[in-house]
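Student: Structure below; questions to follow.
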Amino acid sequence: MKKQLYRAMAAVLTLSLVSVPFSSISNAANTGSMFSIVKDIGFQYDGKDWIYLNAFGNKITGWVTAPDGYKYHMNVQNGIMDTGWFLDTDGKWYFLNEISDGTKGRVLTGWNWIDGYCYYFDQNGVMAANTFTPDHYFVNKDGQWSETDGTVHYVEGKGIKTNYVLGVSRVKLGKPVTGGGSGGSGGGSGGRVRPTEPETEPETKPSETKPDPKATEPETEPQDIPETTGDNGGKKDDRKGDAVTVTKIKPLRTLYVNFRGDEEKTRQYIEKKIKNSGISFYLSNGKLTTAIVTDWELQGDAVSGSIMKAKPVSFRVDESYSDIEDQLKKYDATLSVEISKSDTGSSDPEDPTEPEQPTQEDPTSEDPTQEEPTTEGPENKKHPDNWVITGYVQPEAVETDFIDAELSSYQAYLPKTITFNTSDGTTITIDARWNGYSGSFGPGKEICVKCDNGYEDLPSEVRAKLMDSFENIGTPTFTIRFREKETEKPKEKIEVALDREPVSEGSYKEYSYAFDEKLCIELSNYTGDGRDVSITGASGFKTTLDKLSFDAATGKASAEVMDFMPSGLTNYFWLTVEYDGKNALQAKINVTTDRSISFKNGGTGYSPRYEKVSKKKDFETELSFVNVPSEDIKKIIFVKGDTDVTAQLGFTETEEEGVYRLTVPGEFIKNNISWGSVSFTLKCRGVMPVTVYLSVMGDPALNKDKYQGYYVTENPVITISNFSLDKNSISDLELSLAKNVTGAEERILVKNEDYRISENDKKITIISKNALQTETLEEDIKYRLKVKAPLDEDEASIDLDYKKDRALEVILAGTIIPDMPVYLRITNLNYGETLEDVEVYAGEDKLQGLTVVERNFVSKICIPYETFSKYVKDGKADLTVKKPGIKSADLSISIPEFTGEDAPVETALTDNYGYSKFELQDGIPVFSGTGDVYIKVTDKEIPNDILKGTVGVFHKKGTAPGEGVPVYIEGYSEINSNYSSKEKWIKFALYTYREELGNAVVMDGDKYSVYTITVYIPGYKTVDIDVALKPKGVY
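So the sequence shown is residues 67 to 1101, counted in the numbering used here.
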């Protein structure tokens, strides 16, 4: 069978301009360029099957994503593109298109008819099975569109036809399909039948029609939608770490074309030749990749003998490098197009660098731009039937200097062509492709570069005849030898020392110098002039030896220690002497001084700090100098950052020796505030630089003690801050108050009547009733309080929100039963308010013995029953509840009667669900003493509002209810019901009563203690129900 190699199906990533492979006969053109073309990357058709090659010509197996974004699967055994049904290793089914319509092998998505059945594949191509699709249709376990009753939708002959489905019987998907063909399951989970390929792929591309699965409406509503995987279409991002940038672009080789008869035809021909060609570029992560140029701008005239320029206008890059597209536009990627003077319309000059034809063309078609060569060669000569390639001309090795370890750096040495000898004495010369090598880079070493040509590079006329002998003979290699590096005579090592012994030695040496000494560097075995010796000191100091007082005869150089510290004295610095690119000396120089400066009220450190400095007036302090001569004091400078601000500050001598006054003008402070402070640095010879910090006082401000608002019965407490109180004292402050509305009149407040001042903690207490001149408020009002210190020109304001008056809202918390406390609850307290100051009155009598209890996160007032009962008359008690600052509340409490029929309750043997039977002890149910206890309501019609008034008094069996613990229907205690039977249960949650009840429950011998629940329901007689309670911790 005749073998042909077809060009790539899609745009591919190459190492330079992507081009159609072009073979030359005998004397191929040699441009001398060091840049070459890598071609035939991506999909290739070998005359029988599709394969996918990487940049090294190796077959890719498994899932691949083509440049068009679609997924394909290459068989893991032989690299051949799979088609038809495919079961992956993860147990997911796919269908890879079997039709040769330009989309063969592509993973199908969405709805597709196959062998008369309709299947749904998600966006990644995974077949949905036994579920509802996103558009609400049901597919069975085999993925076929069907109804939930099992009816499968089938249209005979519709859709894609596969080789192994007969009639309406489809192979079951419960296991992989095995059979003949060259394809197989990608993960080793089983093969699948592959249709027989024609000798060449068909050139027609039938339009793909999507099936309409809605031939009949599904009967079942969707319940579940298949979950999709990933959204990158199988693409893999190999970038790691920081953002990748473009470092350079590979130059493009000149494109040679023939003049096509007239200018318009030639221009159209060039545009077609270069469309969708690629430009290779290097990345900062060391990788090389390619951008596809989707549009070129042609400059110049397309006439015979001219040279046109093509500049990229737009690019298409791999998704993982889409963020670098703008970077490409900054590089010059101009392509030169040289038009020959021939006007015959024949083949272009032989050059393997022609850009590839648009990748959208049918990959099975021949390149229309490649015309038959007109020169006489072996392809036009009559050859014997047994004509074969007998060998090749081995290129001679070259010797060169070592540049680096990149093969591309030696492209200029690689032969541009290789020549093969044939059995009838003729030769065939083709453009050489070199890729990969063996051996090692480096001086004195050599590499053997591998020829990457294949039989597909032979002229098309002789390719089939010579293919087998080409592969038997193989291709040559090319050797590059690197010359030995000339060895230089080693320089004599210089020795560097200082003019004194180190004070300590370890991994480095330490020396000690006074700030006013000289430091001498001594070199031995050094014959230079000092310009090649680098000296580095403290920050900002770097020079060469010759810039110091260097004596070449003695090899000594010296400088003042202070010269090595241009930014001012430091405790130490690192001295580095570097020669011939290496450190000849690195030592720590400790610097000593007996000089110092102290700041009055600021300390003696290197960063004195002053707090609450006013920005309205000058700041002054005094500096005391120790062992600093007056001549050095007079040379003091003040800097802020890199700016000398000495002239903006005041620095004068006082009458006291060695003491100077520093004045910082208020204007300087105001203009240089940053983050609430001002700083500057003092520099003096022999003294460590001192940075002064002035923390500037902020604007005057007022702060109130609460932000939820005040009642007229409350007195706001205001704290003042950032008032300078320089000329004014706090007792001189002026206060005014006005409603916070436009044009409201201010009222001047009177000290000790409308407000009080605490001078020690700078707090003002507003006496609301006097300041507002009222004891009640019918509505919420906002007032603005203004505080002034007139002499200091300080002023601040704050809003005070006053709320309308409120009255206590009091309710009875729980049914009143004999001998049990009465509980009251206040429902409108604000956050932070408590019941501790609440008082309860009956007429003029104040009730005694009140306590505050908290249960279920609610605080209540507890009135002992014997206290409460004194004030019950005619079945009710009238009470008044008082709390300071809030209007009192009157409360009339009626005492319920527990007479009439027995309360409609009985022992519960199960909970309200009826599933769990309670444990029994001697016929009575057992419950946890700190858990839930149930009793059953016998009257299903009794309203819950009545049942919510139930109180269950738990007392030890045989004792009076008055000795027990009342449990109210509140918090976790509640009325439960059964939805279907409408029966009701009362649940007493004993957890919140564990202190009074649960912790008191103990074992009665080897049995649980029995308690009686006396059940009180208003309007009914009490009923006693016995239960057994487990002690805490017993399960």
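The C-beta atom is built at its ideal place from N, Cα and C for all residues, glycine as well.
Figure out for me which residue from P970, P884, Y981 has the closest Cα to the Cα of E963.
Tutor: Minimum Cα distance to E963 is reached at P884.
Student: Determine the extent of the alpha helix (DSSP H) in which N538 is found, giving its start and end residues.
Tutor: First-last of the alpha helix (DSSP H) with N538: 526-539.
Student: Any idea if K241 is buried or exposed, counting beta-carbon neighbours within 10 angstroms, 16 or more meaning buried?
Tutor: Confidence at K241 is low in this model, with a pLDDT of 35, below 50, so its placement is unreliable and no value can be given for it.
Student: Could you tell me the distance, in whole angstroms, from the CA atom of P1027 to the CA atom of K1098?
Tutor: Cα to Cα, P1027 sits roughly 22 Å from K1098.
Student: How would you write the range of the alpha helix (DSSP H) that S834 sits in, first residue to last?
Tutor: Run containing S834: 834-838, per the alpha helix (DSSP H) assignment.
Student: Alpha carbon to alpha carbon, what distance is there between I929 and G1085?
Tutor: Straight-line Cα distance between these residues: approximately 23 Å.
Student: Output the distance between the C-alpha atoms of D115 and D156, rounded to the nearest integer angstrom.
Tutor: Approximately 26 Å, taken between the alpha carbons.
Student: Shortest alpha-carbon distance to G505 belongs to which of T483, I546, A478?
Tutor: Ranking the options by Cα distance to G505, first place goes to I546.
Student: Is it true that the CB of D361 sits closer than 8 Å to the CB of V379?
Tutor: It is a contact, given that the beta carbons lie within the stated cut-off.
Student: Report the rounded CA-to-CA distance for R921 versus Y1059, giving the unit in angstroms.
Tutor: For R921 and Y1059, the distance between alpha carbons rounds to 8 Å.
Student: I think Y868 touches Y776, with their Cβ atoms under 8 Å apart; what is that distance to the nearest whole Å?
Tutor: With a Cβ gap of about 5 Å, Y868 and Y776 count as contacting.
Student: If you run the structure through DSSP and keep just helix, strand and coil, what is R675?
Tutor: The answer is strand: DSSP assigns R675 an E or B state.
Student: Please confirm whether K516 and G502 have their CB atoms less than 8 Å apart.
Tutor: Yes, these two residues count as a Cβ contact at 8 Å.
Student: Within its chain, find whatever has a CB closer than 8 Å to the CB of S761; leave out the 5 residues flanking it on each side and keep chain order.
Tutor: Excluding residues within five positions, the ones whose Cβ falls inside 8 Å are R675, Y676, E677, K678, V679, G742, S743.
Student: With C-beta atoms as the reference, is V1033 less than 8 Å away from T1004?
Tutor: No, these two residues do not count as a Cβ contact at 8 Å.
Student: Mark L401 as exposed unless 16 or more other C-beta atoms lie within 10 angstroms of its C-beta, in which case mark it buried.
Tutor: Flag for L401 reads buried.
Student: Decide if H139 is buried, meaning its Cβ has at least 16 other Cβ atoms within 10 Å, or exposed.
Tutor: Per the 10 Å Cβ criterion, buried.
Student: Can you name, in chain order, every residue of its own chain whose Cβ lies under 8 Å from the Cβ of V938, other than the five neighbours on each side?
Tutor: Same-chain partners within the cutoff: I961.
Student: If you draw a straight line from the alpha carbon of E875 to that of K912, how long is it in whole angstroms?
Tutor: Approximately 19 Å between the Cα atoms of the pair.
Student: Exposed or buried, R499, counting other C-beta atoms within 10 Å across all chains shown (16 or more means buried)?
Tutor: So R499 ends up on the buried side.
Student: I need the straight-line Cα distance from Q210 to G171, nearest angstrom please.
Tutor: For Q210 and G171, the distance between alpha carbons rounds to 21 Å.
Student: With C-beta atoms as the reference, is G724 less than 8 Å away from F691?
Tutor: Cβ distance < 8 Å, so G724 and F691 count as in contact.
Student: For K683 and A862, I'd like the C-alpha separation in whole angstroms.
Tutor: Near 19 Å, if we compare the C-alpha coordinates of A862 and K683.
Student: Can you tell me the Cβ-Cβ gap for L801 and Y773, rounded? I've got them flagged as a contact below 8 Å.
Tutor: Incorrect: roughly 20 Å between the Cβ atoms, too far for contact.
Student: Which residue wins for smallest C-alpha separation from A879, given the options D451, S350, D518, K1014?
Tutor: Considering only alpha carbons, the answer is K1014.
Student: Please list the terminal residues of the continuous beta strand (DSSP E) segment that includes S696.
Tutor: Element bounds for S696: not the beta strand (DSSP E) but the alpha helix (DSSP H), 696-699.
Student: How would you label G168, buried or exposed, when you count the other beta carbons within 10 angstroms and need 16 or more for buried?
Tutor: Buried, by the Cβ-count rule.
Student: To the nearest angstrom, how far is the alpha carbon of M628 from that of D698?
Tutor: Using only the alpha carbons, I get a separation of about 14 Å.
Student: Just list the residues that DSSP pairs A1066 with in beta bridges.
Tutor: A1066 is not bridged to any residue.
Student: Do you know offhand how far S787's Cα is from N781's?
Tutor: Each residue's alpha carbon lies about 20 Å from the other.
Student: Could you tell me which of G150, I146, L153, F109 sits nearest to A132, measuring between CA atoms?
Tutor: Nearest C-alpha to A132: F109.
Student: Identify the residues that DSSP records as bridge partners of Q210: which are they?
Tutor: Partner(s): Y185.
Student: What do you get for M1069, buried or exposed, if any count of 16 or more other CB atoms within 10 angstroms of its CB means buried?
Tutor: That one is exposed.
Student: In this structure, how does DSSP classify P930 when only helix, strand and coil are distinguished?
Tutor: Coil.
Student: Is there contact between the stretch 818-836 and the stretch 889-900, where contact requires at least three CB pairs shorter than 8 Å?
Tutor: Counting Cβ pairs under 8 Å, fewer than three are found: no touch.
Student: Could you tell me the boundaries of the alpha helix (DSSP H) in which I484 lies?
Tutor: Segment 483-488 is the beta strand (DSSP E) holding I484; no alpha helix (DSSP H) there.
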